[in-house]
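Participant: Take this structure, written in structure tokens, and hold onto it; I'll ask about it next.
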Ligand SMILES: Nc1ncnc2c1ncn2[C@@H]1O[C@H](COP(=O)(O)OP(=O)(O)O)[C@@H](O)[C@H]1O
Ligand SMILES: [Mg+2]
């Protein structure tokens, strides 16, 4: 294992299930290869973690340094300007999902991260990055059938605004 790689064995995750396995392995069932679309998305927004390859049930990705955005202790050491930059970037990363187009996506579809919250965002080398890549998938924006978890984003937004409080972390 190279020291620049982060290996994530999805089989060992508590949230592992057949759907997750199929999503990244069963291109026949879905009609597209998950990694192909993910890689295209990475070109659209390089702030999502780079996936290098998938081996059996292990996702091999670039290894980041830094911390996840639920780390209040680390965040409070940053200047208010840096925290404001993080807030702006997180909102922009979320918004960018709505702008990605691909032939596998219908007019009501989106390629989106299903677990968009502070634990899956990292501040690394002065950049905000979105991790947990296997949470990306094709989702519908149609309210009847959507599996977009908007509530997670609203919660994230609220917590982000707290970053800017004078007394944050006290
Ligand atoms: N590419 C990475 N580089 C460095 N650390 C990572 C990377 N991906 C995940 N981590 C660390 O591992 C933790 C869990 O990763 P994550 O992919 O979010 O797993 P889970 O699906 O269990 O939430 C993260 O909170 C982060 O600390
Ligand atoms: Mg996670």
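In the numbering used here, the protein residues as written are 2 to 171. In this text, a Cβ means the ideal position worked out from N, Cα and C, and glycines have one as well.
Residues around ligand 2, please: the condition is that the C-beta lies closer than 6 Å to some non-hydrogen atom of it.
Facilitator: Per the Cβ criterion, the list is 120, 121 and 133.
Participant: Under 7 Å: does the beta carbon of residue 14 sit that close to some heavy atom of ligand 1?
Facilitator: For the purposes of this step, residue 14 is taken as the residue at position 13 of the chain shown. Yes, since a heavy atom of ligand 1 falls inside the 7 Å radius drawn around the Cβ of residue 14.
Participant: Can you tell me whether residue 149 is helix, strand or coil according to DSSP?
Facilitator: Position 148 of the chain shown, counted from the first residue, corresponds to residue 149. Of the three classes helix, strand and coil, the one that applies to residue 149 here is coil, per DSSP.
Participant: Taking Cβ positions, are residue 1 and residue 66 nearer each other than 8 Å?
Facilitator: In this structure the chain extends from 2 to 171, so residue 1 is not present and cannot be described.
Participant: Our contact map puts residue 53 next to residue 6 with C-beta atoms below 8 Å; I'd like the distance itself, whole angstroms only.
Facilitator: Within the chain shown, numbered from 1, the residue matching residue 53 stands at position 52. Within the chain shown, numbered from 1, the residue matching residue 6 stands at position 5. Residue 53 to residue 6, Cβ: 7 Å. Contact.
Participant: Is it true that the CB of residue 51 sits closer than 8 Å to the CB of residue 43?
Facilitator: Here residue 43 refers to the residue found at position 42 of the chain shown. Here residue 51 refers to the residue found at position 50 of the chain shown. Yes, these two residues count as a Cβ contact at 8 Å.
Participant: Using 8 Å as the threshold, is the C-beta distance between residue 63 and residue 109 below it?
Facilitator: Here residue 63 is taken as the residue at index 62 of the chain shown, counted from 1. Here residue 109 is taken as the residue at index 108 of the chain shown, counted from 1. No, Cβ-Cβ distance for residue 63 and residue 109 is not below 8 Å.
Participant: Using the Cα positions of residue 82 and residue 74, report the straight-line distance between them to the nearest angstrom.
Facilitator: The residue you call residue 82 lines up with position 81 of the chain shown. The residue you call residue 74 lines up with position 73 of the chain shown. Taking the straight line from one Cα to the other gives about 17 Å.
Participant: When the Cα atoms are used, what is the spatial distance from residue 104 to residue 112?
Facilitator: Position 103 of the chain shown, counted from the first residue, corresponds to residue 104. Position 111 of the chain shown, counted from the first residue, corresponds to residue 112. If I take the Cα positions, the gap works out to 11 Å.
Participant: Quick one: grab the DSSP three-state call for residue 28.
Facilitator: To locate residue 28, count along the chain shown from 1; it is residue 27. Correct three-state label for residue 28: helix.
Participant: Can you check DSSP and say which residues form a bridge with residue 8?
Facilitator: The residue you call residue 8 lines up with position 7 of the chain shown. Paired residue(s): 61.
Participant: Exposed or buried, which one is residue 135 when buried takes at least 16 other CB atoms within 10 Å?
Facilitator: Taking the chain shown and counting its residues from 1, one reaches residue 135 at position 134. By the neighbour-count rule (16 or more Cβ atoms within 10 Å), residue 135 is buried.
Participant: Taking only three categories from DSSP, how would you classify residue 41?
Facilitator: Here residue 41 corresponds to residue number 40 of the chain shown, with the count starting at 1. Reduced to three states, the DSSP call for residue 41 is helix.
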